[in-house]
Structure formats: structure tokens, C-alpha cells
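Report on the structure given below.
Protein chains: 4
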Amino acid sequence: MEKLKIADKSFSSRLFTGTGKFGSNQLMEEALKVSGSELVTVALKRVDVADTTDDILNHLKDPQFNLLPNTSGVRTAKEAVFAAELAREALGTNWLKLEIHPDPKYLMPDPVETLKAAEELVKLGFIVLPYVHADPVLCKRLEEVGTAAVMPLGAPIGSNKGLKTFDFLEIIIEQSNVPVVVDAGIGSPSDAAKAMEMGADAVLVNTAIAVSPQPVAMAKAFKMGVEAGRMAFEAQLAQPVNYAQASSPLTAFLDD
Amino acid sequence: MEKLKIADKSFSSRLFTGTGKFGSNQLMEEALKVSGSELVTVALKRVDVADTTDDILNHLKDPQFNLLPNTSGVRTAKEAVFAAELAREALGTNWLKLEIHPDPKYLMPDPVETLKAAEELVKLGFIVLPYVHADPVLCKRLEEVGTAAVMPLGAPIGSNKGLKTFDFLEIIIEQSNVPVVVDAGIGSPSDAAKAMEMGADAVLVNTAIAVSPQPVAMAKAFKMGVEAGRMAFEAQLAQPVNYAQASSPLTAFLDD
Amino acid sequence: MEKLKIADKSFSSRLFTGTGKFGSNQLMEEALKVSGSELVTVALKRVDVADTTDDILNHLKDPQFNLLPNTSGVRTAKEAVFAAELAREALGTNWLKLEIHPDPKYLMPDPVETLKAAEELVKLGFIVLPYVHADPVLCKRLEEVGTAAVMPLGAPIGSNKGLKTFDFLEIIIEQSNVPVVVDAGIGSPSDAAKAMEMGADAVLVNTAIAVSPQPVAMAKAFKMGVEAGRMAFEAQLAQPVNYAQASSPLTAFLDD
Amino acid sequence: MEKLKIADKSFSSRLFTGTGKFGSNQLMEEALKVSGSELVTVALKRVDVADTTDDILNHLKDPQFNLLPNTSGVRTAKEAVFAAELAREALGTNWLKLEIHPDPKYLMPDPVETLKAAEELVKLGFIVLPYVHADPVLCKRLEEVGTAAVMPLGAPIGSNKGLKTFDFLEIIIEQSNVPVVVDAGIGSPSDAAKAMEMGADAVLVNTAIAVSPQPVAMAKAFKMGVEAGRMAFEAQLAQPVNYAQASSPLTAFLDD
């Protein structure tokens with residue numbers, strides 16, 4: 006399968022992962038290893054930047070993992086920029102998942118503050134991957150200010166509802182010149198496969214793996230789902246049709 | 006992953022396949038090998054039973070493949086029983102995919118003739134896997150007359166529309182004491198994965214692999230999709246929820 | 006709007022209704038009057054055929070209402086025929102809604118017993134409207150034995166899930182030479198409207214009206230929903246398209 | 006049914022309409038009269054503001070109609086404000102449907118420019134009804150700057166795809182303190198009814214009426230669909246359930 010390039014990095018795995026909600030950091034590490042994920046997002050808040058022995062980072066030292074700090078918890082562009090600077094210093098990476106969600110119930114992202122922050126962060130030298138609603142115009146504007154990818158949501162974070170924004174993801178994928186990573190809402194390997202089949206460049210999965218009674222097996226399942234979907238996309242799926250076409254030709258052969 | 010048992014056989018692969026519509030028998034053989042499929046259905050009509058050098062059978066000799074002759078083309082129970090007897094003699098197996106679809110346009114199966122034929126074929130010593138509409142009562146009655154499995158459709162044959170019978174497959178899976186194989190309509194690895202995630206025991210895929218510009222790659226994609234779905238089912242997926250639960254806890258950490 | 010003809014009757018209203026689950030017979034009568042329904046189904050079991058003062062019948066005496074006795078509760082063709090004879094004698098009508106559902110949990114209909122009973126009842130002079138799964142072949146066979154209409158389900162009875170059998174209803178409507186009445190599962194006026202828009206000849210609604218906190222208002226809402234859908238069908242709806250076509254032409258008019 | 010209040014006006018009809026794409030202005034007038042619509046949007050571009058005999062306005066003089074000029078065609082906040090001022094002067098109303106869609110293919114609205122324009126227009130004394138993506142955070146922010154309503158889209162303009170943003174409309178309706186008008190994508194009376202059933206305060210329909218072969222009948226159908234949906238909402242619909250609840254109690258009554 007084709008490698009995915011974002012900014013200066015290239016990835017064999019198109020499954021990005023998160024680090025929240027796991028039963029333990031040990032379990033998280035095992036699951037993420039098995040997932041094959043090469044880009045792992047970590048909430049800045051969860052890292053004790055003053056403590057070099059911080060546990061979560063110790064579990065993400067494998068060279069397989071590239072860290073993608075995120076700004077979860079901020080409510081404005083200003084807070085996001087401040088958090089990004091902290092993250093860059095603490096974690097030694099200029100990659101950033103930009104998340105601005107003032108809403109405490111559904112954690113839906115703020116389009117206006119996100120665009121403002123993205124523009125500034127790009128100027129400050131960050132590789133910005135913004136988490137946004139599946140809004141085709143917003144995605145285009147983010148691309149225009151220089152984000153390295155766009156991360157439209159499939160459904161509300163943690164809802165496991167799948168690709169509820171399907172019709173808009175289609176437009177985003179069609180129009181985008183930067184990679185499209187479907188983030189939030191993906192609840193099962195079939196959801197992940199479907200996103201890949203429609204031409205998304207990657208997916209980010211966290212809740213569905215982390216809260217499974219068997220996170221390691223579930224991580225493996227998602228890895229396969231993503232690969233299945235990507236492989237099908239590259240091999241070109243047939244379109245749905247209204248009329249049946251029998252696999253086995255219908256023939257009244259007993260009349261012969 | 007758990008093995009699947011149907012009648013006296015057990016299968017590592019939960020992807021059943023068909024042999025129609027491939028560009029060539031050589032391509033078919035390659036794709037089916039890569040798919041890992043251990044149960045392969047062949048229309049009796051397509052086999053020249055008088056010719057020991059028949060080409061399609063020569064391409065299905067690998068011990069990986071168990072043959073599942075099907076009665077595609079028959080329109081009544083009587084024709085089905087006759088075809089089944091021919092198939093048993095010609096192919097040396099008492100396994101049978103029972104298909105009775107009098108309708109030449111959508112190839113939808115006939116519930117009444119199918120039940121009648123199934124009852125008789127079971128008495129005649131066949132291992133019967135009937136292709137039916139996703140009708141929970143019919144599936145139950147087929148089980149009661151002794152079919153080895155039931156094969157409800159996801160959507161019209163060859164339509165690639167996916168799991169359009171989702172709500173009824175759920176009931177069938179919940180109620181069935183024999184394996185449930187989703188047959189017809191599965192158009193993509195994500196469809197196959199979804200069927201497995203909901204607890205189907207296997208899926209049968211033909212058109213979507215055979216008509217792909219790259220059938221071998223597509224066969225691999227379906228293999229992974231099925232495994233992803235089954236693994237997720239065994240590891241237990243979380244249910245969709247209405248309220249977001251952030252993977253990264255929302256905290257106004259910059260106020261600290 | 007075009008009138009609907011079934012057998013020897015013609016109907017201005019395409020909303021058929023049921024009599025179960027209402028808070029009181031008085032409330033039922035009011036709601037059914039307001040609904041405009043001209044065909045009302047009554048479970049034979051609920052009628053005390055020996056009692057000429059039976060309450061439920063007293064509430065259905067308005068000439069607006071044609072009674073459609075149903076065989077709810079029977080489990081076989083034989084029971085159905087017996088119940089039908091009782092109904093004809095007790096209620097003085099040869100119209101019959103044929104329901105055979107052996108399954109006590111989902112009340113899904115039995116295709117084989119239903120076809121058998123339908124064939125016999127037609128010979129016995131009944132006007133048969135069979136409740137069935139949305140199975141295109143079964144509907145065709147029922148038409149062939151002489152049923153006056155077919156009544157495929159939209160979703161399990163009482164589930165309010167709407168048109169979960171959409172793709173199969175489309176085929177049934179396309180192929181049918183007798184009226185198609187969507188029965189079971191219709192949970193809202195929008196569901197009813199959608200069934201009519203796709204070309205169904207009528208819908209039968211019971212639960213969604215009867216269990217509403219305001220059955221009379223809900224009956225009115227369904228009446229309007231059905232009429233809206235039918236009128237739109239007759240006036241021809243546009244098909245969904247992928248590309249936007251602005252209602253207001255997009256013109257950069259300020260540049261002019 | 007409850008009246009709808011927006012700013013200083015109250016409406017008996019919850020069906021807002023547009024004036025584009027009709028075969029003739031005469032046909033438009035007839036259809037809009039029959040629709041019962043009391044708020045009618047007109048693209049400023051289509052009005053010849055210098056010509057007091059302008060035809061389209063002559064067809065909208067009935068006191069039933071309140072005009073809602075829209076800014077269709079503008080691409081930035083600045084252009085929108087300019088267009089709004091022109092519209093206010095020309096049409097003598099400070100009501101405004103704010104539309105900013107730089108994208109010529111799907112006509113999706115720009116969230117950032119829309120918020121900026123809305124804020125300014127509110128300060129300038131306009132009653133602003135902004136057309137936006139179904140973005141819950143954006144809708145909340147628009148409400149906070151003082152818009153009189155929000156108009157989230159159901160699907161791309163003119164696509165007739167229905168409520169593709171269902172899950173997000175639910176959140177918007179739950180959170181909003183101003184009326185929510187579903188705009189764009191509504192292709193049939195059942196779509197309109199469904200929007201109302203979920204609690205939307207109104208819908209705006211244009212294409213589906215205007216391009217129908219029978220716009221007047223279709224306008225009537227939409228009127229009834231909207232009323233059906235609203236009435237059902239007020240009378241409270243039951244929720245979908247998984248288990249069947251028979252309308253007619255299941256009883257093996259023939260055993261009695």
C-alpha cells in the first residue's frame with residue numbers, strides 16, 4: 006500500500022491513535038504497539054512537563070511512535086497558541102493536533118478560533134493538524150493558511166456513532182490538497198474501513214480501542230480494518246447498483 | 006479467533022466466496038487462494054459434469070478449498086432437488102448451497118420453495134445452506150427442518166449495497182441456533198466487517214471481489230475486513246452513545 | 006388526489022388504522038374519526054362475537070369506517086382459516102387482514118403459512134390483505150394466488166423504526182399489480198409520508214397513534230403526513246443529486 | 006399549533022420558501038400562496054432595485070408574504086454587509102438571510118465570514134438569519150452575537166438529499182435559544198416533516214418545490230408535511246424500540 010506523507014514525515018500505518026481512557030499506561034503501550042500506529046496523540050495536560058520520569062511518556066518511547074501533542078482543554082485561539090508553545094518545548098516536536106472545543110458536553114470544535122489559531126501556529130513554525138467539524142469550506146480555508154492536514158470529525162467524540170458526516174467527508178476528500186484524517190466518532194473497524202474506502206488518508210481512533218474489554222485485540226482489529234479499507238480503495242471498489250447482477254448466471258438449465 | 010463449525014467441518018476462515026464473474030479461471034484461483042477462503046460455491050450449471058478435465062474444477066483443486074455446489078438457476082423445489090442430486094454425484098460432496106430464485110431481475114429467493122426443498126434435501130442426506138431473504142421466521146423454520154446454516158441476504162445479489170437488512174439480521178443472529186452467513190449485497194470490506202461485528206458467523210462474497218479491477222488485492226482486503234470484524238466482535242465493541250466522552254479529558258488547564 | 010381501489014371498494018383516505026393499545030374506546034373512536042381512516046383493522050380476539058353490545062364495535066359504527074378483521078394471534082394457516090370464518094360470520098364482512106406470526110417476541114410473519122392460508126382464503130371468497138415481511142418474491146406469489154393487496158412491513162410491529170425495509174419496498178412497489186400497503190414500523194408522519202412518496206398505495210398505522218399522549222392530534226398529523234406524501238408522489242419529486250444547484254444563482258454580483 | 010416567533014414577528018406557517026428556479030414568476034406566486042408561507046427569501050441580485058416595476062417583487066406583494074432578502078452571491082463578510090445595506094434600502098426591510106458561500110460547486114457556507122458579518126449586521130440593526138453548516142458551536146456563537154435565528158443546512162443546497170446532518174441538528178436544536186430553521190437539502194415533504202418532528206422551529210424549502218413538474222401541488226404537499234411534523238412534535242412521538250409490541254395482543258385464542 007501507498008505510504009502516507011504529511012509534511013516531512015511518511016507513514017506506513019494509516020491508523021493514528023490516542024492515549025486517553027486506557028485502563029493503564031502499560032495496557033496502552035501494548036495496544037498501541039499492536040495497532041502499528043506511528044502517530045500517537047497525547048493531551049498536553051496529561052504530561053507532567055516538569056517531570057522527566059513522567060509515566061505516560063515512558064510508555065511512548067518506542068521508535069514506532071511519533072508524538073502528536075494536542076491542545077485538548079483549551080477554549081480559545083490564544084490558549085491554544087500558548088499550549089502549543091508549551092508542548093513544543095516539553096516534548097521537542099513542532100507537530101500539533103489543534104483542538105479547540107469550548108463546549109463541555111459534546112466537545113464539538115470551534116471553527117472560528119481554530120482557523121485563527123491555525124493561521125498563527127503555522128507562522129510560528131508548527132506542523133498543524135486541526136480537529137474540525139466536517140465543514141468543507143473550513144477545511145479548505147485551513148489548507149489555505151497552511152495546515153499540514155485536516156481532521157474532520159465523523160461523529161461527536163467518543164460517541165462511536167461512525168461516519169455520520171459521510172456526505173460532507175466526501176466533499177472534503179474530493180476538494181482537499183492536504184491529507185484528510187477522519188477523527189472522532191469511529192467506533193468499529195468497519196467504520197475505519199469505510200472511511201478508508203471512501204478515500205480518507207488516515208483515521209484517528211482512541212475511545213473504541215481504549216474502552217474495549219480487550220484493548221490489545223481491538224487495536225489489532227482496527228489495524229486490519231484500516232488496511233482492508235485502504236487496500237480496497239487502491240484496488241477500486243465497484244459502485245452500488247440497483248439491479249441485481251447474479252454472480253452465478255441465472256439459467257433455466259434443467260430445461261436444456 | 007474462534008473456529009467456525011458447520012455440520013462436520015470446521016473453518017479457520019469466515020470468508021466464503023463464489024466463482025462467478027471473474028475475468029479468467031486463473032485469476033479466480035489466485036484471488037480465492039489469497040482470500041484464505043475455505044468454502045467456495047460453484048454453480049452446478051457452470052461445471053461440465055461429463056468432462057473430467059473441466060477447467061473451473063481444475064482451478065479449485067487446492068486442499069484449501071471445500072466445494073459448495075449451488076443450485077443457481079432453478080425455479081422450484083423440484084428442480085432444486087434434481088440439481089442437488091446431480092451436484093452430489095458430479096462433485097462428490099453432499100454440501101449444498103440451496104438457491105431458488107424465480108425472479109430474473111433481482112434474483113430474490115423464493116421462501117416457500119426454499120423451505121420445501123430444504124426439508125426434502127435434509128432428508129436426502131444433504132448438508133443444506135439455504136440462501137434466503139433476511140426473514141427471521143423463515144430462518145427459524147429452516148433451522149427446524151435441519152439446515153446446517155442459514156444464509157440471509159444483506160441486499161439484492163450483485164448490488165454492492167451492503168447491509169440493507171441490518172435490523173432483521175440482528176434478529177436472525179439473536180435467534181439462530183445454526184450459523185448465520187450473510188450472503189449477497191456485501192460490496193466492500195467495511196460491509197463484511199460490519200456483518201462480523203454484529204455477530205454473523207461468516208459472509209459470502211463474490212461480485213465485489215470478482216469485478217474489481219484488481220481481484221487479488223480485493224480478495225486480500227476482504228480477508229482482512231472479515232478478520233477485523235470478527236476480532237472486534239470477540240473483543241466486544243462499545244455501543245454508540247449520544248453524549249460525547251472526550252478521549253482526552255477536557256480541562257481548562259491553562260487556568261491552573 | 007387519486008382514489009385508491011382495493012377489490013370492490015374505493016378509498017379517499019390512504020391511511021389505514023388499527024384499534025389496539027388506545028387508552029379507551031372513546032379515545033380510539035375520536036382519533037380514528039379525525040384520522041379520516043376508512044379502513045380499520047380489529048383483532049378478532051378483541052371482539053366478543055356473542056355479545057351484540059360489544060363495546061369496541063359500538064365505537065366503530067360510523068359509516069366512515071370499513072372494518073378489516075385481522076387474525077392476530079393465530080400461528081398456522083389452519084388456525085387462520087378458522088379465525089377468518091369466525092370473523093366473517095361475526096362481523097359480516099369478507100375482508101380480512103391475514104396475520105400469522107408464531108413468534109411472540111418480534112411478531113414477525115410466517116411466509117409459508119401465510120401463502121398457504123391466503124390461497125385457501127381466496128378460494129373461500131375472502132378479500133385477503135396479507136401482512137408479510139418485505140419479501141418481493143412472496144408478495145408476487147401472494148398476488149398470484151389472488152390477494153387483493155399486499156401488506157409488507159417497514160420494521161418490526163410496534164418498533165416505530167420507520168422504513169427499515171426501504172430497498173425491498175422499492176422492488177415490491179415496482180413489481181406489484183395489486184396495491185401495496187406498508188404495515189408495521191411506521192412511527193411518525195414523516196415515515197408515513199416517505200412511504201407514500203416512494204409510491205406505496207397506503208399505510209397502516211396503529212401503535213404510533215394509539216400510544217401518543219395525544220392520540221387525536223397525532224391522528225390528524227398522520228392524516229396530513231399521508232396526504233402530503235401522496236400529493237408529492239403524484240406531483241413527482243425530484244431525485245437527490247450530488248452536486249449543489251443553487252436555488253439563488255451564485256453570481257459575484259457586487260463585481261458588476 | 007403554536008405560533009413561531011422570530012424577533013418582532015410571529016408566524017402561523019413554519020414553512021419558509023425561496024423564489025429561485027421557478028418556471029415563471031406567475032407560477033412562483035401561485036405556489037407560494039398555496040404553500041401558506043409567510044417568509045419568502047429573495048436574492049438581492051434578482052431584484053432590479055432601480056426599477057419600481059420589477060417583476061419578481063410584483064409577484065410578492067400579497068400581505069401573506071414577508072420578504073427575506075438574501076445575500077446569495079457574496080463571498081466575504083464585507084460584500085455581505087454591503088449587499089445587506091442595499092437590500093434594506095431597496096426592499097424596506099431590515100430582515101436578512103445571510104449567505105456567504107465562496108464555493109461555486111457545492112455552495113457550502115463559510116463559517117468564519119458568516120460569523121464576522123453576522124456580528125456587524127446585528128450592530129447595524131439587521132434581523133439576521135444566517136445560513137450555516139450544521140455546526141453546533143458556530144450556531145451557538147451566532148446566537149451569542151445576536152442573530153434572530155440560525156439556519157443550519159440539512160444537506161448541500163439543491164441536493165434534495167434530506168437530513169444528512171441529523172445527528173448535529175439534534176444537538177443544535179437541544180442547545181439553541183433562538184429558533185432553528187433547517188435550510189437546504191430538504192427534498193420532500195417527508196424530509197420537512199422529519200425536521201419538524203425532531204423539534205426544528207421551521208424549514209426553508211425552495212428547489213424541491215420550484216423544480217417540480219407541478220409546483221403548486223408540491224407547495225401544498227410541503228405545507229401539509231410541515232404541519233404534520235409540527236403537530237406530531239407537539240403531540241409527542243414515541244421513541245423507536247427494539248422489541249415489538251403488538252398493536253393487537255398476541256394470544257393463542259383459538260386454544261381457549
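Protein chains in written order, with this note's numbering: chain A, 6 to 261; chain B, 6 to 261; chain C, 6 to 261; chain D, 6 to 261.
Even glycine gets a Cβ: it sits at the ideal position worked out from N, Cα and C.
Since the structure is predicted, the reported quantities are computational estimates derived from the model, not experimental observations.
Taking 7 Å as the threshold, the shortest C-beta distance from B/Gly-230 to chain A falls below it.
One alpha carbon belongs to B/Leu-209, the other to A/Leu-96, and they sit about 48 Å apart. For the region 20-65 of chain C, the continuous beta strand (DSSP E) assignments of 3+ residues that do not extend past its boundaries occur at 20-23 and 44-48, in sequence order. Residue-level contact check: C/Asp-196 does not touch chain B, since none of the beta carbons of chain B fall below 7 Å from its beta carbon. Excluding the 5 residues flanking it on each side, D/Pro-184 has same chain C-beta neighbours closer than 6 Å at Ile-11, Ala-154 and Asp-206, in chain order. Runs of the alpha helix (DSSP H) spanning 4 or more residues and lying entirely within the region 83-135 of chain A occur at 116-128, in chain order. The alpha carbon of A/His-138 has as its nearest neighbour, out of A/Leu-129, A/Lys-128 and A/Val-186, the alpha carbon of A/Val-186. Less than 7 Å separates the beta-carbon of C/Ser-40 from that of C/Lys-228. The way I'd put it, the region 172-183 of chain C doesn't touch the region 171-184 of chain D; fewer than three beta-carbon pairs between them come closer than 8 Å.
Ranked by how close their Cα comes to the Cα of B/Ser-42, the residues B/Leu-32, B/Phe-16 and B/Arg-80 have B/Phe-16 in first place.
In the three-state reduction of the DSSP assignment, A/Lys-10 falls in the strand class.
Two segments are said to touch when three or more pairs of C-beta atoms, one from each, lie closer than 8 Å; by this definition the region 121-134 of chain B touches the region 91-108 of chain B.
Rounded to the nearest angstrom, the gap between the Cα atoms of C/Arg-146 and A/Ala-222 is 48 Å. Residue burial is scored here from C-beta neighbours: D/Glu-149 has fewer than 16 other C-beta atoms within 10 angstroms and is therefore classed as exposed. Proximity of the region 66-84 of chain C to the region 104-117 of chain B falls short of the contact definition, fewer than three beta-carbon pairs being nearer than 8 Å. Relative to A/Gln-31, the option among A/Thr-22, A/Asp-60, A/Phe-21 and A/Lys-8 whose CA is nearest is A/Asp-60.
In this structure, DSSP gives C/Val-79 a state outside helix and strand, which the three-state scheme calls coil. Look at A/Asp-115: its C-beta is under 7 Å from a C-beta on chain D. Contact between B/Leu-91 and B/Val-45 fails: their C-beta atoms lie close to 18 Å from each other, not under 8 Å.
In chain order, Pro-116, His-138, Ala-139, Asp-140, Pro-141, Val-142, Leu-143 and Phe-173 make up the part of chain B whose C-beta sits under 9 Å from the C-beta of C/His-138.
Counting along the chain, no beta strand (DSSP E) covers C/Asp-206, and no H or E run does either.
If only uninterrupted beta strand (DSSP E) runs of at least 3 residues are considered, those enclosed by the region 148-189 of chain A are 186-188. In the same chain as A/Ala-82, and ignoring 5 residues on each side of it, the C-beta atoms closer than 8 Å to its own belong to Ile-105, Glu-118, Thr-119, Lys-121, Ala-122 and Glu-125, in chain order.
When B/Val-142, B/Leu-168 and B/Asn-71 are compared, the shortest CA-CA separation from B/Thr-22 is found for B/Asn-71.
At a C-beta separation below 7 Å, D/Pro-157 has no neighbours in chain A, since its nearest C-beta there lies roughly 11 Å away.
Residue-level contact check: A/Lys-83 does not touch chain D, since none of the beta carbons of chain D fall below 7 Å from its beta carbon. Closer than 7 Å at the C-beta level to chain B, one finds these residues of the region 197-208 of chain A: Ala-198, Lys-199 and Glu-202.
Here D/Ala-36 really is in contact with D/Ile-214; their C-beta atoms are around 6 Å apart, less than 8 Å. Near chain C, meaning a CB-to-CB distance below 9 Å, the residues of the region 161-189 of chain D are Pro-161, Ile-162, Gly-163, Ser-164, Asn-165, Lys-166, Gly-167 and Ala-189. Under DSSP, A/Ser-18 forms no beta bridge with any residue. According to the DSSP secondary-structure assignment, C/Leu-72 is paired through a beta bridge with C/Val-45. Distance from B/Lys-26 to B/Asn-211 at the Cβ level is roughly 7 Å; contact confirmed, criterion being Cβ atoms closer than 8 Å. Nearest C-alpha to C/Lys-38 among C/Phe-238, C/Arg-235, C/Ala-243 and C/Ala-226: C/Ala-226. Proximity of B/Leu-103 to chain C, defined by a Cβ-Cβ separation below 7 Å, is not satisfied.
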